[in-house]
Amino acid sequence: MTAATAEYARASGASLKRSRRWALFTSYFFLVLFAIFFLIPPYYMIVTSLKSDAEVAHLASNPWIIANGLTLEQYRLLFRETDFLIYFKNTVIVTLCVVAITMVVSVLAAFSLSRMRFWGSGILATGIFLTYLIPDTLLFIPLFQIVRGLGLLNSYWSMVLVYPTLTVPFCTWIMIGYFQSIPKELDEAALIDGAGHMQMLLKIFIPVALPGIIAATIFAFTVSWAAFVYPIAFLFSADQQVLTVGTVTSLIKADVYKWGMLMAGALVAAAPPLIVYAFLMDYYIAGLTAGATKG
Amino acid sequence: MVDIVRRYPGQLLKPALQPRAGMRQFVRRRSTIAFLMCLPLIVIVAGLIIYPALYSIFLATLNKAQTRFIGLGNFSYLLSRDTFWMVIEQSAIFALTAVLFKALIGLVTAHLVNNLPSKGQRKWRGMLLVPWVIPLALSTLGWWWLFDPTHSAFNWLIRGFGGNDIPWLSDPYWARFSVILVNVWYGAPFFLIMYLAALKSVPEQLYEAAQIDGANAWQRFLHVTLPMMRNIIAITVLFSLIVTFANFDIVQIMTAGGPRNMTHVFATYAFLLGIRSGDLPLGAAVSLFMFPILAVSAVFILRGVRKRGREIG
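Those protein sequences? They're chains L and B, same order as listed. The first sequence begins at 387 in my numbering and counts up one residue at a time. The second sequence begins at 85 in my numbering and counts up one residue at a time.
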């Protein structure tokens, strides 16, 4: 290597490094801007929930910071003087039931559709995906009539009945993907060892596809926790209400908006999904992107 | 050995035949079990999705008291109303603009995150996903408070820079802007994770080959990244189009369709007519107008998903 080419290599290496550092700097700069945009509402909700009513109402003071001391008064009011805890309890009951129903139904169906054939199973697998694309806002009016016919209007058990329409198709869809990726040799080995279908599902498929099971469970959990259309249409009394609708409609008493308390309620209601994501985000993202990218 | 075979040919052949008969029986029993395992799913899908969807077509042909068949009366009534044409227009504006900006922001942020050293990517991704993790009804409540007519924190900042208050939710056009802004804020992270996953699946060798051929960053994006991601971009956009068209929470909470019905989308207008005013058939007719756009998107998504499945193998 001559001195000239060595010099050239060093110079181009340095400029490459410089341009890479520049690219990194611009990436961080724009990411910070996007992060500000994405985090403004949650930040502002937290700040408001920690202020006193007087400070929230005060027009001249800076709304973005807590100037007159931090207080947990709003949270105390929320738990002591509203029906918030009833909504919370109702939501927990509904969500647990829906997650359990969804997982049993979709794991059984996905196992069957990914491994065994029966008349119409191919059509069914495609049909499942298509029904996932029918939104709740198209179904809530006929379902209102059906729920009323069953005498379940204004009962949170009607949510246990209708939420699976939101969760089951997609959970089945991602479980089919996960089960299909399990090598066929594993079930052959199990069959030779004399395992039945149930044993095969419980001892091989569920443990091997555990990441998929976790992803589907999180999906069912967040969807039931956040559902809004069905409860606002089917539930009207406070003792039956769930968190989303209860926080948005019933916490507003009279004409006075208790913004501090409302924000406290919204944050406590949003906490369980946030906590779940903080720990299990990777599973969920893997499941979601796999579900969309492959059949 | 040869002796045994000659002496008991049937006995030795039998075990070879038996599994085949057993297999046939096994397969038949297996398909019954398979069907039974799918039965709960079939019951839920048929009873709570397909039946209501078909039932809503029937419901839409009745009068308000559901006593009389009026054919397409509800549909022609809706199409004769200016308000409903505005709902169609606003639904289209809402969905198309929101999806466009979600897709752009998602693409840009996915690239930015992908540029970072892999150590920091997880942290940034987690931070940028927050809007998508908070239940939409609750974060919309936060936005509503940010847009509050007297206490708006945005207006406080604008005043600080010497500007005038913006009527975020009381002026029809600003209200349209605000509901779209919230939808973009909520939906962009979904595009971010989809694109990020797609970016990671592009083989590194392709970029190296392009670099050796002298392609600059923009050319690499145009000729390597985009073609490799085309399918996933299409699926995500169509899927988001369906979800955005059917969105209810944001408009219902922030404006309830107002001012002057100018922010109504199909879902909120169906809710107003069907549930609030108690005219279920008319409400069903409104939400059925969503069906054509959903069906068209669904066909293309299905085609994309199948193609993708074949590519992966």
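Even glycine gets a Cβ: it sits at the ideal position worked out from N, Cα and C. All values reported here derive from a predicted model rather than from experimental measurement.
Please look up how many angstroms separate the CB atoms of residue i and residue j, rounded, as I've assumed it's under 8 Å.
i        : j        : result
L:Ser492 : L:Leu499 : That belief does not hold up - the Cβ atoms of L:Ser492 and L:Leu499 are roughly 10 Å apart, past 8 Å.
B:Ile316 : B:Ala368 : 35 Å between Cβ atoms; not a contact.
L:Leu648 : L:Leu637 : 6 Å
B:Thr151 : B:Met338 : 37 Å between Cβ atoms; not a contact.
L:Thr523 : B:Ala351 : 4 Å
L:Ala601 : L:Ala672 : 6 Å
L:Pro548 : L:Tyr616 : The sequence as given places Val at residue 548 of chain L; Pro does not occur at that position. About 5 Å separates the two Cβ atoms, so the contact holds.
L:Ile592 : L:Leu666 : About 17 Å separates the two Cβ atoms, so there is no contact after all.
B:Pro215 : L:Phe607 : So it is not a contact: roughly 18 Å between Cβ atoms.
L:Tyr643 : B:Ala237 : Rounded, the Cβ-Cβ distance is 15 Å, inconsistent with contact.
L:Leu436 : L:Ile451 : Between L:Ile451 and L:Leu436 the Cβ distance is about 10 Å, and since that is not below 8 Å, they are no contact.
B:Met313 : L:Thr675 : At roughly 12 Å, the Cβ-Cβ gap does not stay under 8 Å, so B:Met313 and L:Thr675 are not in contact.
B:Met121 : L:Leu494 : 4 Å
B:Phe438 : L:Ala619 : A question about residue 438 of chain B goes unanswered here, because the residues of chain B that appear run from 85 up to 397.
B:Asp41  : B:Leu372 : Within the shown structure, residues of chain B are numbered from 85 to 397, placing residue 41 of chain B beyond reach of any answer.
Between residue i and chain B, is the shortest Cβ-Cβ distance under 8 Å, so that the two count as touching?
i        : result
L:Ala409 : yes
L:Thr481 : no
L:Tyr669 : no
L:Gly681 : Because L:Gly681 carries a pLDDT of 34, less than 50, the predicted location of this residue cannot be relied on, and the following value inherits that uncertainty. At least one chain B Cβ lies under 8 Å of L:Gly681.
L:Tyr564 : no
L:Ser623 : no
L:Leu516 : yes
L:Val503 : For the record, residue 503 of chain L in the displayed sequence is Arg; it is not Val. Chain B contact via Cβ: present.
L:Pro593 : no
L:Leu596 : no
L:Phe614 : yes
L:Ala440 : no
L:Thr675 : yes
L:Lys401 : The sequence shown places Ser at residue 401 of chain L, rather than the Lys named in the question. No, its Cβ sits nowhere closer than 8 Å to a Cβ of chain B.
L:Ala606 : no
L:Ser610 : no
L:Leu665 : According to the sequence displayed, residue 665 of chain L carries Phe and not Leu. Taking Cβ atoms only, chain B never reaches closer than 8 Å to L:Phe665, which makes this a no.
L:Arg404 : no
L:Ser413 : yes
Are the C-beta of residue i and some C-beta of chain L separated by less than 8 Å?
i        : result
B:His348 : no
B:Asn199 : yes
B:Ala194 : no
B:Ala100 : Low confidence applies to B:Ala100: its pLDDT is 44, below 50, so where it sits in the model is not reliable, and the reading given next is rough at best. Not closer than 8 Å to any Cβ of chain L, the Cβ of B:Ala100 fails to qualify, so no.
B:Phe185 : no
B:His307 : no
B:Phe355 : yes
B:Tyr139 : yes
B:Ala351 : yes
B:Phe119 : yes
B:Pro215 : yes
B:Ser160 : no
B:Phe231 : no
B:Trp302 : no
B:Val129 : yes
B:Arg114 : yes
Could you pull the start and end residues of the alpha helix (DSSP H) that residue i belongs to?
i        : result
B:Tyr139 : 135-143
L:Asp573 : 570-578
B:Asn198 : 166-199
B:Val268 : 256-284
B:Asp297 : Note, B:Asp297: premise wrong, no alpha helix (DSSP H); not H, not E.
L:Asp439 : 439-443
B:Lys207 : 202-212
B:Arg243 : 237-244
L:Leu510 : 507-518
L:Ser500 : 470-501
L:Val684 : With chain L running from 387 to 681 in the structure shown, residue 684 of chain L is simply not present.
B:Val349 : Neither: B:Val349 is in no alpha helix (DSSP H) and is coded neither H nor E.
B:Val327 : 310-329
Could one say the Cβ of residue i lies closer than 8 Å to chain C's Cβ atoms, at least one of them?
i        : result
L:Leu572 : No chain C is present in this structure, whose protein chains are L and B.
**Request:** Name, going along the chain, the residues of the region 519-543 of chain L whose beta-carbon falls closer than 7 Å to a beta-carbon of chain B.
**Result:** Leu519, Ile520, Pro521, Thr523, Leu524, Leu525, Ile527, Pro528, Leu529, Phe530, Gln531, Ile532
**Prompt:** Quick one, which residues of the region 419-438 of chain L are near chain B if we go by CB-CB under 8 Å, in chain order?
**Reply:** Phe420, Ala421, Phe423, Phe424, Leu425, Ile426, Pro427, Pro428, Tyr430, Met431, Thr434
**Contact list for the region 629-658 of chain L against chain B, Cβ threshold 7 Å** = Thr630, Thr633, Val634, Trp645, Leu648, Met649, Ala652, Ala655, Ala656
**Asked** For the region 542-558 of chain L, which residues have a CB atom closer than 8 Å to at least one CB atom of chain B, in sequence order?
**Response** Leu547, Val548, Pro550, Thr551, Val554, Pro555, Thr558
**Message:** Tell me which residues of the region 374-392 of chain B have at least one Cβ-Cβ distance to chain L shorter than 8 Å, keeping chain order.
**Reply:** Met374, Phe375, Leu378, Ser381, Ala382, Ile385, Leu386, Val389, Arg390, Arg392
**Asked** Which residues, in chain order, does the region 237-263 of chain B contribute to contact with chain L at a C-beta distance below 7 Å?
**Response** Ala237, Trp240
**Message:** If the cut-off is 8 Å on Cβ atoms, which residues from the region 482-500 of chain L count as contacting chain B, listed in chain order?
**Reply:** Val490, Val491, Ser492, Leu494, Ala495, Phe497, Ser498, Leu499
**Prompt:** Of all the residues that make up the region 448-480 of chain L, which are near chain B by a beta-carbon distance shorter than 8 Å?
**Reply:** Asn448, Pro449, Trp450
**Request:** Output, in sequence order along the chain, the residues in the region 162-191 of chain B whose CB is closer than 9 Å to any CB in chain L.
**Result:** Ile189
**Request:** Identify each residue in the region 308-321 of chain B for which the Cβ-Cβ distance to at least one residue of chain L is less than 8 Å, and report them in chain order.
**Result:** Ile316, Ile319, Thr320
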